[in-house]
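Trainee:
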């Protein structure tokens, strides 16, 4: 039973406040004191708040999914899309939208760049398949595509089964069209470095030769290095190939187009290759300007392309391998047939090489002597490098022993030792200056 002076919620009803009594200056002080000491209408004491019963409590529902008041009061006049509890406001997602658009654009461009490189390789192989099938008994890598991909920009083709040639390896080094930032870097570098060749698609054909029909193995004369190089990429060829950099010299000829130069060990080899009518080098160079537009270099070598290891020294007098390497810039799809005369010349060179180049005994002995000198020089450099390493290790041991000895000394002994070392070094410097005079 709730008392009458309590509300249904258990809280007392508010009592009206008594109006203040204004003093009457006509009354005496005694009357005022008497009036203030006796309350006219004392109010009853406030009763204690009773405990609420469970059935008298009224719970309030809490909506946890409702947005806070600050969000509700946020002013937004743009478009918004609602999906249940999610609200998407495009005007507030500009940065996120830019990132998403960039990611989508990069993904699409990467896919299209990779597909373009694949189409380029397939188109070249289809165009030259009649020539390859004519020259070789086996063409292709065994895969359904006919090539092997080593990433999105590097591809390989293969052919084998020909007289005088063990195999042909075709290497397509295309631009990384799947990588937009690197493509941008290539454009910037090409604008600064005019000798840089990484801005275009590259094609490299390597013929691995076999000994002649009347030979069981190569001979000493087969070790020579000969190259026909476009002047623009002459330094690039030197940097890439140790054999060309080490053994050849630049030899110009007035019979060549002005943009080409020989890099050979002997001028005798150049004259024999130029004068051989079966090869037809000069007619090829003067009658096929479209082919030379994509030409970089042609190298015939019986020496390792890369600097040999110490375990591979000295260089053998008789080569174990011999190659012909043709490097081209890959033309666009509409001009894929332009380098065809250069590739046909390489096949002709394989068949006529033994008859075209016949070195004298003196020239062959020079080849052997040159390789012996290079081998000795490399071995000497390796020996000096090992001696420098041993000397460095000895100095480290002496320094460690000196530091250990110095740590065991007292400060006075350390000062005396440093003074003796200073005088000793000064005396050595004085003797050195006297000797120089």
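In the UniProt record's numbering, the protein residues as written are 1 to 437.
All C-beta atoms, glycine included, are put in the ideal place defined by N, C-alpha and C.
Just so it is clear, the structure is predicted and the values come from calculations on it, not from any experiment.
Distance, Cα to Cα, residue 237 vs residue 306?
Mentor: Spanning the two alpha carbons is a distance of roughly 12 Å.
Trainee: List the whole-angstrom C-beta distance separating residue 137 from residue 230, where the pair is believed to meet the contact cut-off of C-beta under 8 Å.
Mentor: Between residue 230 and residue 137 the Cβ distance is about 33 Å, and since that is not below 8 Å, they are no contact.
Trainee: Any idea if residue 289 is buried or exposed, counting beta-carbon neighbours within 10 angstroms, 16 or more meaning buried?
Mentor: Looking at its Cβ environment, which holds fewer than 16 other Cβ atoms inside 10 Å, residue 289 is exposed.
Trainee: Please return the same chain residues whose Cβ sits closer than 6 Å to the Cβ of residue 189, not counting the five positions on each side in sequence.
Mentor: Cβ within range, chain order: 196.
Trainee: Need the endpoints of the beta strand (DSSP E) that residue 225 sits in, please.
Mentor: Residue 225 -> beta strand (DSSP E) spans 225 to 230.
Trainee: My understanding is that residue 204 touches residue 171, with C-beta atoms under 8 Å, so please give their C-beta distance in whole angstroms.
Mentor: That pair is a contact at about 4 Å.
Trainee: Taking the DSSP output, what are the residues bridged to residue 169?
Mentor: DSSP lists 158 and 206 as partners of residue 169.
Trainee: Taking the alpha helix (DSSP H) that residue 350 belongs to, which residues open and close that run?
Mentor: Run containing residue 350: 340 to 356, per the alpha helix (DSSP H) assignment.
Trainee: Give the range of the alpha helix (DSSP H) segment to which residue 118 is assigned.
Mentor: Its alpha helix (DSSP H) spans residues 94 to 135.
Trainee: Would you mind working out which of 258, 311, 122 and 392 sits nearest residue 332, comparing C-alpha positions?
Mentor: Of the candidates 258, 311, 122 and 392, the one whose C-alpha sits nearest the C-alpha of residue 332 is 122.
Trainee: Could you check whether the stretch 274 to 294 touches the stretch 239 to 246, counting it as contact only if at least three pairs of C-beta atoms, one from each stretch, sit closer than 8 Å?
Mentor: No contact exists between the stretch 274 to 294 and the stretch 239 to 246.
Trainee: Between the beta-carbon of residue 164 and the beta-carbon of residue 209, is there less than 8 Å?
Mentor: Against a cut-off of 8 Å, the Cβ pair of residue 209 and residue 164 comes out as a contact.
Trainee: Can you give the beta carbon distance from residue 253 to residue 270, rounded, assuming they're within the 8 Å contact cut?
Mentor: Indeed they touch by this definition, with Cβ atoms about 7 Å apart.
Trainee: Thinking C-beta only, is residue 175 closer than 8 Å to residue 149?
Mentor: No. Outside cutoff.
Trainee: When burial is assigned at 16 or more other CB atoms within 10 Å of the CB, is residue 119 buried or exposed?
Mentor: Label assigned to residue 119: exposed.
Trainee: Assuming residue 169 and residue 185 are in contact, meaning their beta carbons sit under 8 Å apart, how far apart are those beta carbons, in whole angstroms?
Mentor: That pair is no contact at about 29 Å.
Trainee: How big is the Cα-Cα spacing for residue 251 and residue 365?
Mentor: When rounded, the distance between both Cα atoms is 21 Å.
Trainee: Mind checking if residue 344 is an interface residue toward chain B, Cβ cutoff 8 Å exclusive?
Mentor: No chain B is part of this structure, which consists of one protein chain only.
Trainee: Tell me which residues share the same chain as residue 382 and place their Cβ nearer than 6 Å to its Cβ, disregarding the 5 neighbours each side in the sequence.
Mentor: Taken in chain order, the residues that qualify are 310.
Trainee: Is the stretch 101 to 109 close to the stretch 311 to 322, with three or more CB pairs under 8 Å?
Mentor: These segments do not touch.
Trainee: Ends of the alpha helix (DSSP H) at residue 390?
Mentor: 361 to 407 is the extent of the alpha helix (DSSP H) around residue 390.
Trainee: Quick check on DSSP: helix, strand or coil for residue 247?
Mentor: It is helical.
Trainee: Measuring straight from C-alpha to C-alpha, what distance separates residue 159 and residue 339?
Mentor: Cα-Cα distance, rounded: 18 Å.
Trainee: Could you give the C-beta distance for residue 243 and residue 225, rounded to a whole number, given that I count them as a contact under 8 Å?
Mentor: Going by Cβ atoms, the distance from residue 243 to residue 225 rounds to 5 Å, so yes, they are a contact pair.
Trainee: Measure the CB-CB distance between residue 146 and residue 125 and report whether it falls below 8 Å.
Mentor: In contact: residue 146 and residue 125 (Cβ atoms closer than 8 Å).
Trainee: Leaving out five residues on either side along the sequence, give the residues of the same chain with a beta carbon under 8 Å from the beta carbon of residue 284.
Mentor: Cβ within range, chain order: 291, 341, 342 and 345.
Trainee: Give me the Cα-Cα distance between residue 301 and residue 399, rounded to the nearest whole angstrom.
Mentor: Their backbone Cα atoms lie some 50 Å apart in a straight line.
Trainee: Specify the secondary structure class of residue 76 as computed by DSSP and reduced to three states.
Mentor: Three-state DSSP puts residue 76 in coil, outside helix and strand.
Trainee: With H, G and I counted as helix, E and B as strand and the rest as coil, what does DSSP make of residue 303?
Mentor: Coil.
Trainee: Can you tell me whether residue 260 is helix, strand or coil according to DSSP?
Mentor: Correct three-state label for residue 260: strand.
Trainee: Could you check if residue 385 is buried or exposed, using at least 16 other CB atoms within 10 Å of its CB as the buried criterion?
Mentor: The residue in question, residue 385, is exposed, as its Cβ has fewer than 16 Cβ neighbours within 10 Å.
Trainee: Output the distance between the C-alpha atoms of residue 98 and residue 75, rounded to the nearest integer angstrom.
Mentor: C-alpha separation (whole angstroms): 24 Å.
Trainee: Take residue 212 and list the residues in its own chain whose beta-carbon comes closer than 6 Å to its own, dropping the five residues that flank it on each side.
Mentor: 354, listed in sequence order.
Trainee: Would you identify the three-state DSSP class for residue 86, choosing helix, strand or coil?
Mentor: Residue state, collapsed to three classes: strand.
Trainee: Taking buried to mean at least 16 other C-beta atoms within 10 Å of its own C-beta, is residue 128 buried or exposed?
Mentor: The residue is buried, with at least 16 neighbouring Cβ atoms inside 10 Å.
Trainee: Which residue marks the beginning of the alpha helix (DSSP H) containing residue 189, and which one marks its end?
Mentor: Unbroken alpha helix (DSSP H) run through residue 189: 180 to 192.
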